[in-house]
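In the order they appear, the protein sequences are chains A and B.
Numbering follows full-length UniProt numbering, in which position 292 of the first sequence is assigned residue number 292; successive positions increment by one, without gaps.
Numbering follows full-length UniProt numbering, in which position 239 of the second sequence is assigned residue number 239; successive positions increment by one, without gaps.
Idealized CB from N, CA, C, for every residue including glycine.
All values reported here derive from a predicted model rather than from experimental measurement.
Number of protein chains: 2
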Amino acid sequence: MENSDQLKQTYQATTYKLSNNGPRNIAVLQEAISGICGDELSDIYGTGEIITHFEEKIAHVLGLEGAVFFPSGTMAQQIALRIWADRKQIPKVAYHPLAHLEIHEADGLKQIHHIETLLLGESDRVVTLADIKALSQKVSCVLLELPQREIGGQLPSFQELVEISMYCREHQIALHLDGARLFEILPFYQKEAKEVCALFDSVYVSFYKGLGGIAGAILAGPNDFLEEAKIWKRRYGGDLISLYPYILSADYYYEKRKDSMALYYEKAVELAKQFNQLPGVRTIPEIPVSNMFHVEFLKPVLEVKARLAQVHQETDIGVTGYLVEKDTNTSSFELTVGDAIFKIQAKELLHLFQVLS
Amino acid sequence: MENSDQLKQTYQATTYKLSNNGPRNIAVLQEAISGICGDELSDIYGTGEIITHFEEKIAHVLGLEGAVFFPSGTMAQQIALRIWADRKQIPKVAYHPLAHLEIHEADGLKQIHHIETLLLGESDRVVTLADIKALSQKVSCVLLELPQREIGGQLPSFQELVEISMYCREHQIALHLDGARLFEILPFYQKEAKEVCALFDSVYVSFYKGLGGIAGAILAGPNDFLEEAKIWKRRYGGDLISLYPYILSADYYYEKRKDSMALYYEKAVELAKQFNQLPGVRTIPEIPVSNMFHVEFLKPVLEVKARLAQVHQETDIGVTGYLVEKDTNTSSFELTVGDAIFKIQAKELLHLFQVLS
């Protein structure tokens, strides 16, 4: 058995996990819909109470004029950028080098919309106002991802966000928020969602990250923007006859977990501190600003994998099922605090860190 | 209250319906997943047993090398045509003037892929081999929709299909099947799905038409074609982390209704006969070749609407909730036989036609 398989298999075999909200299994859907009256009618191609009520509710939460439910954020964000590019007649947008659009979408933005992407700043830090000012070409839209997932969920200061927003408005650059994890950053900023969203022209939020739904996204913004977005949703084949399995679960888990984000954040800070006390281990960021961070091991990856597999078997707590090798002496994984960690007793968690040290 | 609203409202208020498989409500999903073990794991971005087992099962049913599950047929078919256009280096495809791609997708094929569409034959009849031979320009792909939904679900003869297939192969034209209602036509052709699919290079089937699932589609064909399709599925934002709500219901309702298609077809033939005996009424086609047909009224539309609303209230059987006005003296609706009609007692159905006459 390879070490990578062993790590994954021992992880899957553990009863408890450090990350996430529990297994992604069918029970997640069963729980979400069991309390709903079977007579309630499906949404039909974007119409009907199930979809419009949820869209109105989230638009209100985000403080934006309207909202449209999409099957995925990939679809929603490409469409948002296309609309801004069309409106400003500039087929160029700018975002972080590790933006979801750049590394996880098989170049959909370029292949479907022929939009050129300018990368802002450096891949190992968040985008700054200086990066935007330094753009060599005019762009229609800047996309900011809060938190910046691929670097452990880092954030700019709220003041920097305000300044970026002012600069973009002055320069007629649309500012779009990749808020896949928007609810997860509110405790750090000590803001409501609408205070963050007020800085942006359009906003995407996801319902299966910290909230733990099944899939699905909301794109929010001005109504005329959303009317265009609905046409593109139809073109993409995202205007399904029924999106209710995702909508109902998004609503259910939003209600279930929206008030737990501060708890997740505090636990992430506490957990990162414990990891940083281990020899040859550090977290990125050192002090988390959301419910997530990266754990980095400064040892050969095979050694770490073998050790973690032992730890899984010894503690019955899953630390991670994979490791990304950064160089011969550095590997890391992403840790995201959700409901799962709260099922582990304090002394068991303490024991885990004793075993890890 | 307007007549159109009155028709819709009286239709919705009826206990029984002539069309479909029952209300599109949450109970459809609840029924599909209630028997499944909650521990069963979600598919993850196109991987996992739930999705691969279903894809393999349907590929086997269709007799094709492989299959990929998509959230929608719109997405699946645009992608299929794009791949054929790329392979043959001809950004032109041909299909019926009332193809789904032409009239229901907000020009997605043209807007996303810049593919030119050549319309085959006439809008009020099915595509013939002669239409394909008469094409003035070379195309990469011909798409055939079986049955042709917008003209009441008409079909060419199986012999004509065989000849079209041979011609396309001879001329290096890919032949794609819009088989949204493929299972519904097998009783008329007296063929298995794989015998029809063997004539095509790629096939799309839907799981929420006659089968009555929630949403979702399969694109089937050669494995190298499907590998490209998966990349496009990712680009479109159709590669959701979890598609299982649609997959599980597709599988459940496929098993539940696949063997009822002959029953639906026979009932459609019987029902069309009864409509054709009414004064000023005819069906298209006169004798159905699937579970669907159009009912045409040769009277002013407002008169028909008012009459049908009365009929709804008098019989408690829903005939239709809408009428499409074709000209001042002609209107029609689509009738699709599913499980719903079998809940109506024979004498009640007889009574309906007495009231209608």
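Can you tell me the Cβ-Cβ gap for F69 (chain B) and I185 (chain B), rounded? I've got them flagged as a contact below 8 Å.
-> Position 69 of the second sequence, counted from the start, is the residue given in the question as residue 69 (chain B). Position 185 of the second sequence, counted from the start, is the residue given in the question as residue 185 (chain B). That belief does not hold up - the Cβ atoms of F69 (chain B) and I185 (chain B) are roughly 22 Å apart, past 8 Å.
Using a Cβ-Cβ cut-off of 8 Å, state whether G46 (chain A) counts as contacting chain B.
-> As a working note, residue 46 (chain A) is residue 46 in the first sequence. No, because no Cβ of chain B sits closer than 8 Å to the Cβ of G46 (chain A).
From which residue to which residue does the beta strand (DSSP E) around D251 (chain A) run?
-> As a first step, residue 251 (chain A) is located in the first sequence; it is residue number 251 there, counting from the start. Where D251 (chain A) is concerned, there is no enclosing beta strand (DSSP E), although the alpha helix (DSSP H) it sits in stretches over 244-257.
Go through its chain and collect everything with a Cβ distance to G108 (chain A)'s Cβ below 8 Å, but skip five positions before and after it.
-> Translated into the one-based positions of the first sequence, residue 108 (chain A) becomes position 108. T74, Q78, L101, listed in sequence order.
Hey, would you say L175 (chain B) sits closer than 8 Å to A67 (chain B), going by beta carbons?
-> Residue mapping note: residue 175 (chain B) aligns to position 175 of the second sequence, counting from 1. Residue mapping note: residue 67 (chain B) aligns to position 67 of the second sequence, counting from 1. In this structure, A67 (chain B) does not lie closer than 8 Å to L175 (chain B) by Cβ.
Residues near F297 (chain B) in its chain [Cβ-Cβ closer than 8 Å; skip 5 each side] | Numbered from its first residue, the second sequence carries residue 297 (chain B) at position 297. Contacts found: G280, V281, V304, L323, T330, S331, S332.
Which residues mark the beginning and the end of the alpha helix (DSSP H) in which Y95 (chain A) is found?
-> Along the first sequence, read from residue 1 onward, the residue named residue 95 (chain A) stands at position 95. Run containing Y95 (chain A): none in the alpha helix (DSSP H); it sits in the beta strand (DSSP E), 92-95.
Which partner residues of R282 (chain A) appear in the DSSP bridge assignment?
-> Along the first sequence, one-based indexing puts residue 282 (chain A) at 282. R282 (chain A) is bridged to A:E296.
DSSP-derived helix/strand/coil call for L199 (chain A) = Locating residue 199 (chain A) in the first sequence gives position 199, where the first residue counts as 1. Looking at L199 (chain A) - three-state DSSP - the assignment turns out to be coil, as it is neither helix nor strand.
8 Å Cβ cutoff, L41 (chain A) in contact with chain B | Stepping through the first sequence from its first residue, residue 41 (chain A) is reached at position 41. Yes, L41 (chain A) counts as interfacial toward chain B.
With a cut-off of 8 Å, does the C-beta of D29 (chain A) fall near any C-beta of chain B?
-> Translated into positions along the first sequence, residue 29 (chain A) becomes position 29. Residue 29 (chain A) is actually Leu in this sequence, not Asp. Taking Cβ atoms only, chain B reaches closer than 8 Å to L29 (chain A), which makes this a yes.
Alpha carbon of L263 (chain A) to alpha carbon of G35 (chain B), nearest angstrom = For the purposes of this step, residue 263 (chain A) is taken as the residue at position 263 of the first sequence. For the purposes of this step, residue 35 (chain B) is taken as the residue at position 35 of the second sequence. Using only the alpha carbons, I get a separation of about 35 Å.
Starting from C141 (chain A), follow the beta strand (DSSP E) in both directions and report where the run begins and ends.
-> To locate residue 141 (chain A), count along the first sequence from 1; it is residue 141. Here the beta strand (DSSP E) through C141 (chain A) covers 141-145.
CA-CA distance, M1 (chain A) and G48 (chain B)?
-> Position 1 of the first sequence, counting from 1, holds the residue named residue 1 (chain A). Position 48 of the second sequence, counting from 1, holds the residue named residue 48 (chain B). The predicted model places M1 (chain A) with a pLDDT of 44, which falls under 50 and marks its position as unreliable, so this point remains unresolved.
Could you give the DSSP three-state label for V205 (chain B): helix, strand or coil?
-> Here residue 205 (chain B) refers to the residue found at position 205 of the second sequence. In this structure, V205 (chain B) counts as strand in the three-state DSSP scheme.
Take L135 (chain B) and list the residues in its own chain whose beta-carbon comes closer than 7 Å to its own, dropping the five residues that flank it on each side.
-> One-based indexing of the second sequence puts residue 135 (chain B) at position 135. A94, L118, listed in sequence order.
Which chain B residues are close to N25 (chain A), counting only those with a beta carbon under 8 Å from its beta carbon?
-> Position 25 of the first sequence, counted from the start, is the residue given in the question as residue 25 (chain A). Within 8 Å Cβ-Cβ: G38, D39, E40, L41, S42.
Starting from the beta carbon of T74 (chain B), find every residue of chain A whose beta carbon is closer than 7 Å, and list them in chain order.
-> Along the second sequence, read from residue 1 onward, the residue named residue 74 (chain B) stands at position 74. Correct list: G237.
Helix, strand or coil for D39 (chain B), going by three-state DSSP, please let me know.
-> For this step, residue 39 (chain B) is matched to residue 39 along the second sequence. Correct three-state label for D39 (chain B): coil.
Which two residues bound the contiguous beta strand (DSSP E) that contains H176 (chain B)?
-> Numbered from 1 along the second sequence, position 176 holds the residue referred to as residue 176 (chain B). Per DSSP, H176 (chain B) belongs to the beta strand (DSSP E) from 174-179.
From the DSSP output, in three-state form, read off M1 (chain A) for me.
-> Taking the first sequence and counting its residues from 1, the one referred to as residue 1 (chain A) is at position 1. Interpretation of M1 (chain A) is limited by its pLDDT of 44, a score under 50 that renders its predicted location unreliable; the figure taken from the coordinates is listed afterwards. Looking at M1 (chain A) - three-state DSSP - the assignment turns out to be coil, as it is neither helix nor strand.
Straight-line Cα distance separating S165 (chain B) from R149 (chain B) = Within the second sequence, residue 149 (chain B) is the residue found at index 149, counting from 1. Within the second sequence, residue 165 (chain B) is the residue found at index 165, counting from 1. Cα to Cα, R149 (chain B) sits roughly 21 Å from S165 (chain B).
Residue range of the beta strand (DSSP E) that K326 (chain A) falls in?
-> The sequence position of residue 326 (chain A) within the first sequence is 326, counting from 1. Here the beta strand (DSSP E) through K326 (chain A) covers 324-327.
Could you give the distance in angstroms between the alpha-carbon of T128 (chain A) and the alpha-carbon of A13 (chain B)?
-> By 1-based counting over the first sequence, the position of residue 128 (chain A) is 128. By 1-based counting over the second sequence, the position of residue 13 (chain B) is 13. Each residue's alpha carbon lies about 59 Å from the other.
Helix, strand or coil at F194 (chain B) [DSSP, three-state] = Here residue 194 (chain B) is taken as the residue at index 194 of the second sequence, counted from 1. Per the sequence shown, the amino acid found at residue 194 (chain B) is Lys instead of Phe. Note: K194 (chain B) maps to helix in three-state DSSP.
Stretch-stretch touch, CB-based, cutoff 8 Å, three pairs: the stretch 198-211 of chain A with the stretch 223-232 of chain B = no
State the CB to CB distance for the pair E40 (chain A) and N276 (chain B), rounded to an integer number of angstroms; the pair is presumed to be in contact (CB under 8 Å).
-> Translated into the one-based positions of the first sequence, residue 40 (chain A) becomes position 40. Translated into the one-based positions of the second sequence, residue 276 (chain B) becomes position 276. In fact, because the Cβ distance is near 38 Å, the residues do not count as touching under 8 Å.
By the 10 Å Cβ neighbour count, where 16 or more other Cβ atoms means buried, how is L350 (chain A) classified, buried or exposed?
-> Mapped onto the first sequence, residue 350 (chain A) falls at position 350. Under this definition L350 (chain A) is an exposed residue.
Name the one or two DSSP bridge partners that Y16 (chain B) has.
-> Here the question's residue 16 (chain B) lines up with position 16 in the second sequence. Y16 (chain B) pairs with B:I317.
Helix, strand or coil: which one does DSSP assign to L119 (chain B)?
-> Counting from 1 along the second sequence, the entry for residue 119 (chain B) is found at position 119. L119 (chain B) falls in the strand class under three-state DSSP.
Classify L135 (chain A) as helix, strand or coil using the three-state DSSP reduction.
-> Position 135 of the first sequence holds residue 135 (chain A). In this structure, L135 (chain A) counts as coil in the three-state DSSP scheme.
So with Cβ pairs under 8 Å, would you call M1 (chain A) a contact of chain B?
-> Reading the first sequence from its first residue, position 1 is the one you call residue 1 (chain A). Reliability fails at M1 (chain A), whose pLDDT of 44 lies under 50, so the model's placement of it is uncertain and the value that follows must be treated cautiously. No, no contact with chain B.
Please name the residue in B:H114, B:P288, B:G321 whose C-alpha comes closest to that of Y189 (chain B).
-> The residue you call residue 189 (chain B) lines up with position 189 of the second sequence. Ranking B:H114, B:P288, B:G321 by Cα distance to Y189 (chain B) puts B:P288 first.
Bridge-paired residues (DSSP) for N25 (chain B) | Within the second sequence, the letter at position 25 stands for residue 25 (chain B). BP columns for N25 (chain B) point to A:L41.
Is the CB of I51 (chain B) under 8 Å away from at least one CB in chain A?
-> Walking along the second sequence from the start, residue 51 (chain B) turns up at place 51. By this cut-off, I51 (chain B) is not an interface position.
Grouping DSSP H, G and I as helix and E and B as strand, with all else coil, what is S260 (chain B)?
-> Your numbering for residue 260 (chain B) matches position 260 in the second sequence. In the structure shown, S260 (chain B) sits in a helix (DSSP, three-state: H, G or I).
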